[in-house]
Amino acid sequence: MAFSESMSTPDRPANSVGGAPRAGAAAGPGTERQYRPRRSCLAVPASNPRFIDKAMGLPADAFFLDLEDACAPSAKPGARKNIVAALNTGDWGEKIRTVRVNDLTTHWTYRDVIEVVEGAGANLDAIVLPKAQDAMQVRWLDLTLTQIETTVGLPVGRIGIEAQIENARGLLAVDDIAQASPRLQTIIFGPADFMASINMRTLIVGEQPPGYDTGDAYHHILMSLLLAARAHDLQAIDGPYLQVRDVEAFTRSARRTAALGFDGKWVLHPDQIAAANEVFAPDQADYDHAELILDAYDYYTSDAGGAKGSAMLGDEMIDEASRKMALVVTAKGRAAGLTRTSSFTPPDAR
Ligand code: GLV
Ligand code: MG
0 MAFSESMSTP
10 DRPANSVGGA
20 PRAGAAAGPG
30 TERQYRPRRS
40 CLAVPASNPR
50 FIDKAMGLPA
60 DAFFLDLEDA
70 CAPSAKPGAR
80 KNIVAALNTG
90 DWGEKIRTVR
100 VNDLTTHWTY
110 RDVIEVVEGA
120 GANLDAIVLP
130 KAQDAMQVRW
140 LDLTLTQIET
150 TVGLPVGRIG
160 IEAQIENARG
170 LLAVDDIAQA
180 SPRLQTIIFG
190 PADFMASINM
200 RTLIVGEQPP
210 GYDTGDAYHH
220 ILMSLLLAAR
230 AHDLQAIDGP
240 YLQVRDVEAF
250 TRSARRTAAL
260 GFDGKWVLHP
270 DQIAAANEVF
280 APDQADYDHA
290 ELILDAYDYY
300 TSDAGGAKGS
310 AMLGDEMIDE
320 ASRKMALVVT
330 AKGRAAGLTR
340 TSSFTPPDAR
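All the letters of the sequence shown, read from the start, carry residue numbers 0 to 349 under numbering that gives the first Met the number 0.
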């Protein structure tokens, strides 16, 4: 399928890898697989039915019902039931529907997965596995999902996995983690736990630690996550910004990871959603420019356009690498609902 066709098809396709449906249908931008936007990923404490109801009406691209840190230990059994009810009966529109289970160093994970997937697997897109530390943990989740899907008659492999990297071990193993299962859809950064894990000296998540004045303390971490995601055709998602009333600071933090190439960011508060949706979509001028590059490149490489490898578009030279960059921008722009405001006219038609 041509990339441009795949971008315009409806959601939830059954991509196929090795004959099995591939859950990682939310591919990275610029790839041949379909790109589902995750500009804003809304955190929703699953123990709070009022928050769950409110989340349904918010314009986030994705949400996760949280059984982990937003849920007190004694509230977890009730929260699992809230999740099953909310996924089965709630109107979530086109949002990507995920649940964050507890990490595998706890005794809660297996019950989280079994109750949620047996109860509402048909209405769930992915499980978020926090504090992922090695490929074995992802394989455990993959196999458990396969057993449940087989038992309850769901299509095997449709439910995806999102691996959250939140500690030093996870970062060192991120390349293995990113290829541990065809169900993987995203690599997510968990900055708060990560900062605790490496003893970074600050309590303000997402801001530079005071005293470190030689660069960006997160650069190595963010680039490692991004590279692992891109190497295995996954999306890269930035974690939360905890100063929820400071939308300006959230926007600044989001711009940094959007500039690197991340696909989206967690949002903890309704006010952060519009900012994330804007920051992680290309602006109109870049989107128009990228569409022009694709059209011009198609034309100039065709026989009618002279079958050239590179050509001039205005003052800019474009070639195959320009097309690849433009594919990334158009993928994100189309997924964000942008429509072009200019069109390409071949020189001999002018
Ligand atoms: C999110 O889970 C974080 O630890 O930042
Ligand atoms: Mg965490």
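Virtual Cβ for every residue (Gly too), placed ideally from N, Cα, C.
Starting from residue i, trace the alpha helix (DSSP H) both ways and give me its first and last residue.
{"i": "Arg53", "result": "Reading off the sequence, residue 53 comes out as Lys, not Arg. 48–55 is the span of the alpha helix (DSSP H), which, as asked, contains Lys53."}
{"i": "Trp139", "result": "134–151"}
{"i": "Val204", "result": "Element bounds for Val204: n/a, residue is neither H nor E."}
{"i": "Ala295", "result": "283–300"}
{"i": "Val115", "result": "108–119"}
{"i": "Ile272", "result": "269–278"}
{"i": "Ala230", "result": "218–230"}
For residue i and residue j, what's the separation of their Cα atoms in angstroms?
{"i": "Arg21", "j": "Gly89", "result": "Low local confidence applies: a pLDDT of 39 at Arg21 is under 50, so the model's placement there is unreliable, with the coordinate-based value given in what follows. About 26 Å."}
{"i": "Ala131", "j": "Gly118", "result": "24 Å"}
{"i": "Leu140", "j": "Val116", "result": "11 Å"}
{"i": "Tyr296", "j": "Val155", "result": "40 Å"}
{"i": "Glu114", "j": "Leu267", "result": "25 Å"}
{"i": "Lys53", "j": "Lys80", "result": "17 Å"}
{"i": "Asn198", "j": "Lys323", "result": "39 Å"}
{"i": "Tyr286", "j": "Phe188", "result": "27 Å"}
{"i": "Glu161", "j": "Leu183", "result": "6 Å"}
{"i": "Pro209", "j": "Arg200", "result": "7 Å"}
{"i": "Gly214", "j": "Gln207", "result": "9 Å"}
{"i": "Thr344", "j": "Glu247", "result": "40 Å"}
{"i": "Ile51", "j": "Tyr217", "result": "32 Å"}
{"i": "Ala179", "j": "Asp124", "result": "18 Å"}
{"i": "Arg244", "j": "Arg38", "result": "19 Å"}
{"i": "Thr97", "j": "Leu326", "result": "27 Å"}
{"i": "Ala334", "j": "Gln33", "result": "10 Å"}
{"i": "Ser352", "j": "Gly169", "result": "This structure leaves residue 352 out entirely; the chain is present only between 0 and 349."}
{"i": "Tyr299", "j": "Pro269", "result": "46 Å"}
{"i": "Ala24", "j": "Ile95", "result": "Per-residue confidence for Ala24 stands at a pLDDT of 44, beneath the threshold of 50, marking its modelled position as unreliable; the derived number appears in the next sentence. Taking the straight line joining both Cα atoms gives about 11 Å."}
{"i": "Leu64", "j": "His106", "result": "19 Å"}
{"i": "Gly56", "j": "Ala320", "result": "40 Å"}
{"i": "Thr108", "j": "Thr338", "result": "43 Å"}
{"i": "Asn129", "j": "Gly205", "result": "The amino acid occupying residue 129 in the given sequence is Pro; Asn does not appear at that position. Cα to Cα, the separation comes out at about 18 Å."}
{"i": "Ala235", "j": "Arg157", "result": "20 Å"}
{"i": "Ala289", "j": "Ala275", "result": "21 Å"}
{"i": "Pro58", "j": "Met135", "result": "35 Å"}
{"i": "Ser412", "j": "Ile292", "result": "No answer is possible for residue 412: the residues shown for the chain start at 0 and end at 349."}
{"i": "Gly336", "j": "Val328", "result": "12 Å"}
{"i": "Ala120", "j": "Arg49", "result": "As written in the sequence, residue 120 is Gly, which differs from the Ala given in the question. Going by the C-alpha atoms only, they are around 22 Å apart."}
Look up residue i in the DSSP assignment and give the residues it is bridged to.
{"i": "Leu312", "result": "Glu315"}
{"i": "Cys385", "result": "Residue 385 is absent from the structure shown; the chain starts at 0 and stops at 349."}
{"i": "Gln178", "result": "Paired residue(s): none; Gln178 is not in a bridge."}
{"i": "Ser39", "result": "Lys264"}
{"i": "Leu64", "result": "Val43, Val98"}
{"i": "Phe188", "result": "Ile164"}
{"i": "Asp237", "result": "Lys264"}
{"i": "Ile197", "result": "DSSP output for Ile197 lists no bridge partner at all."}
{"i": "Val127", "result": "Arg99, Glu161"}
{"i": "Leu183", "result": "Ile160"}
What span of residues does the beta strand (DSSP E) with residue i cover, start to end?
{"i": "Arg99", "result": "95–99"}
{"i": "Ala258", "result": "That residue, Ala258, is in no beta strand (DSSP E); its alpha helix (DSSP H) goes 246–259."}
{"i": "Gly77", "result": "First-last for Gly77: 75–88, but that is the alpha helix (DSSP H), not the beta strand (DSSP E)."}
{"i": "Ile158", "result": "Unbroken run through Ile158: none, as it is neither H nor E."}
My guess is that residue i and residue j are in contact by the Cβ rule of under 8 Å, so how many angstroms apart are they, rounded?
{"i": "Ser46", "j": "Ala85", "result": "The Cβ separation is near 12 Å, so there is no contact."}
{"i": "Ala177", "j": "Leu233", "result": "6 Å"}
{"i": "Thr185", "j": "Leu221", "result": "Incorrect: roughly 14 Å between the Cβ atoms, too far for contact."}
{"i": "Asp60", "j": "Gly263", "result": "7 Å"}
{"i": "Asn87", "j": "Asn122", "result": "6 Å"}
Are there any heavy atoms of the ligand PLP lying less than 7 Å away from the beta-carbon of residue i, as far as the coordinates show?
{"i": "Gly238", "result": "No copy of the ligand PLP occurs in the structure displayed; its ligands are the ligand GLV and the ligand MG alone."}
Is there a C-beta anywhere in chain B that falls below 8 Å from the one on residue i?
{"i": "Ala289", "result": "Absent here is chain B; the protein component of the structure consists of one chain."}
With distances taken from each beta carbon to the nearest heavy atom of the ligand MG, which residues come in below 6 Å, in chain order?
Asp68, Pro129, Glu165, Gly189, Ala191, Asp192
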